[in-house]
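To keep things clear, I will list the structure first and then write my remarks on it.
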Amino acid sequence: MWKWLHPYAKAETTYKLCYRLLPYFSWLAVITLVSGSIWGLFYAPSDYQQGDSFRIIYFHVPTAIWSMGAYTSMAICGLIGIVWQIRNAELAVYAIAPVGAAFTFLALISGAIWGKPMWGAWWVWDARLTSELILLFLYLGVIALYNSFEDKRTAARASSILAIVGVINVPIIHYSVEWWNTLHQGASITKFDKPSISPDMLWPLLLNISGFLFVLAALVCLRLANQILINDARRPWVKAMVSEKTNKAEQSKNRATLADKE
Amino acid sequence: MNNLSTSKPLSYWSAFKSIFIREIKLAWQKPTQLVQPVVFFLIVVTLFPLGISPAPKTLQMIGPGVIWIAAILAIMLVVERLFRQDFQEGTIEAWLLSTVPMSLLVGAKLLAAWFISCSVLVLITPVLALLMNIETHVIPALMLSLMVGTPILLFVGAIGNALTVGLNQGGVLLSLLVLPLYIPVLIFATSLIEAATLNMSYTGQMSILISMLLVSCFFAPVAIAAALKNTVN
Amino acid sequence: MHFNTISEALAMGGYGPYVWSTVWIVIAVLLFLIIHSMTAKKRTLTMLRLEQERADKIALAKKSNDDYQSKPNHN
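Chains as they are written, first to last, in this note's numbering: chain Y, 134 to 395; chain W, 1315 to 1547; chain D, 215 to 289.
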């Protein structure tokens, strides 16, 4: 059943696949994100309770959703890499991590900026914001662990193990922080409930959610391709690319010296 | 004399026992290393009244949390050194080559480590509770929470150590990796103690802590074995 | 359009600074990520090319040293 996946264990095939998929993801990302954002920022009606500040939702919710989605897919890639010894999957872990971390950062910042008019403070120990902060630490841990190893094979496997351990903890952390928050909720904090959202507000949100997904996919394609390149540096197909670049560099140098002489 | 023809294959239980006893003997040879985490625990707890306020009410409020955070930091010290000597001496490779599953051997070492390091922490908590002006009826709950929580911290911290033992840099990376994973334990343990302070039942929090303990006892050795195999190669 | 004038859109009912700072931060971070990822290939190939040149130089130096060492001594 999985036979069609087998060619992609070879690095070069996956590399080419990444670049083949990239234009589709990029264009879809641009179209959905631009249309969703413009619709949400300018055309959607104001919220009854929150006025126009609710428009931050069009950036906060998608980045928060995909920060968690990216972590889960990173952990799945790590699991596949370790259990089935597939190199590309281990490389994918390091490809996804920075993008996921950036999304988490955006979710935190947009959440904090949204919190100021809503709750009156830049940071509150709200359950969701606190779990996002811990998720950011988990991401930074994976990235830091990978970067501290000299040998990148060991590095990839170590960060895969860490990602798997982390993903088991993500629901535990989320549940425990939510529970802790309900225990300690002060009376002064207005509990932000997701309003029953009207369709004119929902559609741009769905567009932006898919938009950020396509951004995530496109960026991961680019980064995975680069990781494959670095990993396969000694192989003939990469050496051919490097020598092609060397020739091009020499050609342009010769052209420059010729031009100088004239 | 060559005993190879008469030797039996190593049984899992005797392997487990021999590693356990070995660890205890090794630790007994270095008493200073036994005492360090305990003293660290004491000093960190002492810092809080000095840094915040020695008012009895304040101490009572922050007491359980402070003791728990100090315990977490002390266990980070313990966990940083867990596999280092074994890694440098090649013991880990020997374990990996044996017929006994690595997770079993790792489990034996961690159990021994708990008895060596963490049991003392649990035993001196009444003293610290007195320092932090914690009411006497809360102390059993405090000790119970530490008894159930410190193995979890040790096992999860050992995963972090197994991942980073081959690296030259210090334990800062280890702390960054492992501290986020400690947060649920901290939350449930302190909530347990709070419930005990209010004379309410804390069986809910206790059952969650015990289930976390069981999960980490079963799955951490597997993760540690994979991480050690990776580090050694 | 929900807003009647551009200044109304910028003000966002008093929440303007919050909404627009979010928008700009999102754009800035996404742009940084995109540009970094797009230039990654070029950076990698340059790094590999420099490594190859360095390795070639070392090999060449070693070879000429060997040739020098193996030459009979003229005296």
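Built from N, CA and C at the ideal position, the CB exists for glycine as well. Keep in mind that this is a model prediction, so the values were computed, not measured.
Tell me, please, whether the CB atom of serine 206 of chain Y is closer than 8 Å to any CB atom in chain W? no
4 or more residues per run - each alpha helix (DSSP H) lying fully within the segment 1466-1531 of chain W: 1486-1511
With distance defined between alpha-carbon atoms, name the residue in Y/Arg286, Y/Asn314 and Y/Ile305 nearest to leucine 262 of chain Y. Y/Asn314
Is the CB-CB distance between phenylalanine 1532 of chain W and alanine 1476 of chain W below 8 Å? no
Compare the beta carbon distance of glutamate 413 of chain Y and glycine 244 of chain Y with 8 Å and say whether it is the shorter of the two. Residue numbering for chain Y in the displayed model covers 134 to 395; residue 413 of chain Y lies beyond these limits and cannot be assessed.
Taking 8 Å as the CB-CB cut-off, is proline 1498 of chain W touching chain Y? Under the Cβ criterion of 8 Å, proline 1498 of chain W is counted among the residues facing chain Y.
Pull up the distance between the alpha-carbon of alanine 162 of chain Y and that of asparagine 341 of chain Y, whole angstroms please. Those two C-alpha atoms are separated by around 9 Å.
List the whole-angstrom C-beta distance separating threonine 1545 of chain W from glycine 1480 of chain W, where the pair is believed to meet the contact cut-off of C-beta under 8 Å. 4 Å
Nearest to valine 1434 of chain W (by Cα), restricted to the options W/Thr1511, W/Phe1354, W/Met1520 and W/Lys1423: W/Phe1354
Threonine 236 of chain D touches chain A at which residues, Cβ-Cβ below 8 Å? The chain inventory of the structure shown lacks chain A, comprising the protein chains Y, W and D.
Quick one: which chain D residues come within Cβ less than 9 Å of phenylalanine 175 of chain Y? Met215, His216, Phe217 and Ala223
For glycine 1404 of chain W, the three-state DSSP class (helix, strand or coil): The three-state secondary structure of glycine 1404 of chain W, taken from DSSP, is coil.
Assigned exposure category for arginine 257 of chain D - 16 Cβ within 10 Å defines buried: exposed
Please name the residue, chosen from Y/Trp217, Y/Ile267 and Y/Asn364, that lies closest to glutamate 283 of chain Y on a Cα-to-Cα basis. Y/Asn364
Any Cβ of chain Y within less than 8 Å of the Cβ of arginine 268 of chain D? no
Beta-carbon separation (whole angstroms), tryptophan 199 of chain Y vs leucine 349 of chain Y, contact threshold 8 Å: 5 Å
Quick check: is the beta carbon of asparagine 1447 of chain W nearer than 8 Å to any beta carbon in chain Y? no
Three or more C-beta pairs below 8 Å linking the segment 245-260 of chain D and the segment 348-362 of chain Y: The answer is yes - the segment 348-362 of chain Y touches the segment 245-260 of chain D, with three or more Cβ pairs under 8 Å.
Taking 8 Å as the CB-CB cut-off, is aspartate 185 of chain Y touching chain D? yes
Could you tell me which residues DSSP puts in a beta bridge with threonine 1377 of chain W? Threonine is not the amino acid found at residue 1377 of chain W; the sequence shown has glycine there. Partner(s): none; glycine 1377 of chain W has no beta bridge.
Threshold first: 4 residues or longer. Then list the alpha helix (DSSP H) segments lying entirely within the segment 260-339 of chain Y, N to C. 260-280 and 285-317
Nearest-angstrom Cα distance between isoleucine 272 of chain D and asparagine 279 of chain D? 10 Å
Hey, leucine 239 of chain Y and threonine 196 of chain Y: beta-carbon distance below 8 Å or not? yes
In terms of residues, what are the limits of the alpha helix (DSSP H) holding histidine 193 of chain Y? 190-216
So that I know if they touch, is there some Cβ in chain W lying closer than 8 Å to that of isoleucine 363 of chain Y? At a cut-off of 8 Å between beta carbons, isoleucine 363 of chain Y makes no contact with chain W.
Option nearest serine 1328 of chain W by Cα separation, candidates W/Val1349, W/Thr1360, W/Val1414 and W/Leu1488: W/Val1414
Could you give the distance in angstroms between the alpha-carbon of serine 221 of chain D and the alpha-carbon of methionine 201 of chain Y? 36 Å
Under 7 Å, CB to CB, which of the residues in the segment 333-357 of chain Y have a partner in chain D? Val348, Leu352, Leu355 and Arg356
If you measure beta-carbon to beta-carbon, which residues of the segment 249-269 of chain Y are closer than 8 Å to chain D? Lys249 and Pro250
Below 9 Å on C-beta distance, what does threonine 287 of chain Y contact in chain W? Gly1480, Asn1544, Thr1545 and Asn1547
Taking one C-beta from the segment 1380-1400 of chain W and one from the segment 1512-1520 of chain W each time, how about it: are there three or more such pairs within less than 8 Å? Taking one beta carbon from each stretch, the segment 1380-1400 of chain W and the segment 1512-1520 of chain W have fewer than 3 pairs nearer than 8 Å; the two do not touch.
Residue-level contact to chain Y via CB, alanine 1537 of chain W, 8 Å cutoff: yes
Cβ of phenylalanine 236 of chain Y less than 8 Å from any chain W Cβ? Cβ-Cβ to chain W under 8 Å: no for phenylalanine 236 of chain Y.
Provide the residue(s) that pair with aspartate 180 of chain Y in DSSP beta bridges, ordered along the chain. Y/Gly184
When burial is assigned at 16 or more other CB atoms within 10 Å of the CB, is phenylalanine 246 of chain D buried or exposed? exposed
So that I know if they touch, is there some Cβ in chain Y lying closer than 8 Å to that of leucine 1512 of chain W? no
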